[in-house]
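A.B. asks: For what it's worth, this note's numbering labels the leading residue of the sequence shown as 1, then goes sequentially. Before I ask anything, here is the structure I am working with.
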Amino acid sequence: MAGCNGVSDADWLSASFNHGWTYSQRIAAVDAGRGLVELLAVHYTHSSRDVWQQRLQAGQIRLNGELVRLDQLLASGDQVCWQRPPWLEAAVPASWEVIFDDGDLLVVNKPSGLPVIPGGGFLDHTLTGLLQRRCQLDGESRLPRPVHRLGRFTSGLLICARQRETRAKLSAMFRRATAGDQGCKKIYRALAHRNLNVHCDEVATIRVPIVQTAHPMVGKVWVAADSSRQHDSKQSESRVLTALSTVRLLERRQDADLLEVAIQTGRPHQIRIHLAAIGSPLIGDPLYGFDGQISSAATPGDGGYCLHAHRLVDVPYRNRLHGFTACSPRRLQMKTER
């Protein structure tokens with residue numbers, strides 16, 4: 001397995017077509033009486049109303065197992081299915097360093113660019129899909145499944161477990177940590193734009209809440225809830241999530257700051273949002289810019305930045321607290337570590 005996220009050309013899974021997928025939704029009472037195309041366009045904003053109409057006309061969408069008319073109105077309890085045809089999945093890195101494996105718990109150093117679970121245009125080209133293939137080839141009956149998430153372009157420590165009981169305990173621990181309750185400590189490394197207000201001898205605390213707001217490409221995105229300005233109505237109606245991070249400068253470079261970021265909560269895109277909010281956006285982040293500005297031409301799933309889950313501390317497993325460290329990619333290593 002490749003170490004320090006060094007993935008050679010031979011370690012990539014080439015772009016290929018999957019076998020398609022069927023997505024289904026049960027219609028809630030609140031949506032009864034709406035048109036089918038209207039509902040799909042409102043709930044699934046990755047595609048326009050015209051695109052959904054074309055899919056319906058092509059016979060890809062069924063209502064209660066039957067083909068449906070354009071003017072079909074929905075009833076509570078209806079089952080809507082979209083039979084998505086096969087699509088091309090992008091190439092992804094297909095190897096990783098194993099940090100720990102005792103037959104139940106599996107800790108890996110996930111490479112940047114590899115999705116953990118299906119979503120965002122990926123179905124088979126994911127860590128879970130690759131783990132399943134390897135288990136089948138090795139004749140292993142128990143599939144390691146992730147107990148928490150990392151974004152596609154975030155590298156580093158990811159914990160999986162084979163036994164259901166282990167997964168349940170660790171998943172519950174990560175959920176508590178997400179809300180800020182006591183749990184394991186999650187420490188990241190990030191390459192950010194230089195910020196002279198961040199110093200090597202200080203730990204900066206960021207307590208900026210996170211909220212959803214409208215976005216033209218994906219419907220909604222998570223952003224910093226800025227109490228100093230008037231939110232638009234859609235943002236003010238959204239649930240506000242408390243979020244807490246601490247930042248320490250590890251190394252000041254000519255064109256960047258190497259930062260250590262510890263998160264006490266695990267909110268969506270928390271590090272990217274918090275660093276942007278204090279004037280230290282990740283270099284290469286296409287969505288979150290200086291002063292919390294959001295690009296209307298990018299989505300949360302777009303990459304280009306360097307963010308690495310470097311350490312996990314106090315992970316409870318088999319009546320002990322464990323710690324794990326994943327070697328950082330070269331750009332996120334200090335000079336003394338090279």
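Quick reminder that beta carbons are idealized off the backbone N, C-alpha and C, glycines included.
With three or more C-beta pairs closer than 8 angstroms as the rule, is the segment 213-224 touching the segment 146-153?
C.D. replies: no
A.B. asks: Below 8 angstroms on the Cβ atoms is my guess for N109 versus A326; work out the distance and round it to an integer in Å.
C.D. replies: 4 angstroms
A.B. asks: Counting only runs that start and end within the segment 227-290, where is the beta strand (DSSP E) found for 3 or more residues in a row?
C.D. replies: 245-252 and 257-263
A.B. asks: Classify A409 as helix, strand or coil using the three-state DSSP reduction.
C.D. replies: As shown, the chain starts at 1 and ends at 338. That puts residue 409 outside it, with no answer to give.
A.B. asks: Among L241, G301 and W12, which has the Cα closest to the Cα of A94?
C.D. replies: With distances taken between Cα atoms, A94 lies closest to W12.
A.B. asks: Is L106 helix, strand or coil by DSSP?
C.D. replies: strand
A.B. asks: Looking at the strands, I want to know which residues DSSP matches up with P325.
C.D. replies: Contrary to the premise, residue 325 reads as Thr rather than Pro in this sequence. Note: T325 sits in a beta bridge opposite R311.
A.B. asks: In chain order, what residues of the same chain have a beta carbon less than 6 angstroms from the beta carbon of A168, not counting five sequence neighbours either side?
C.D. replies: none
A.B. asks: Could you give the DSSP three-state label for T205: helix, strand or coil?
C.D. replies: strand
A.B. asks: Taking the beta strand (DSSP E) that D101 belongs to, which residues open and close that run?
C.D. replies: Counting along the chain, the beta strand (DSSP E) containing D101 begins and ends at E97 to D101.
A.B. asks: Within a Cβ cutoff of 7 angstroms, which residues of the same chain sit near L39, ignoring the five residues on either side of it in sequence?
C.D. replies: D31 and L74
A.B. asks: On the premise that H310 lies in contact with R189, defined as a C-beta separation below 8 angstroms, what is that separation, rounded to the nearest angstrom?
C.D. replies: 5 angstroms
A.B. asks: What do you get for F290, buried or exposed, if any count of 16 or more other CB atoms within 10 angstroms of its CB means buried?
C.D. replies: exposed
A.B. asks: Out of curiosity, what's the CA-to-CA distance linking H231 and T242?
C.D. replies: Here the model assigns H231 a pLDDT of 44, short of 50, so the residue's position is not dependable, and the following value carries that caveat. Cα-Cα distance, rounded: 17 angstroms.
A.B. asks: What's the gap between the Cα of G119 and the Cα of R331?
C.D. replies: C-alpha separation (whole angstroms): 28 angstroms.
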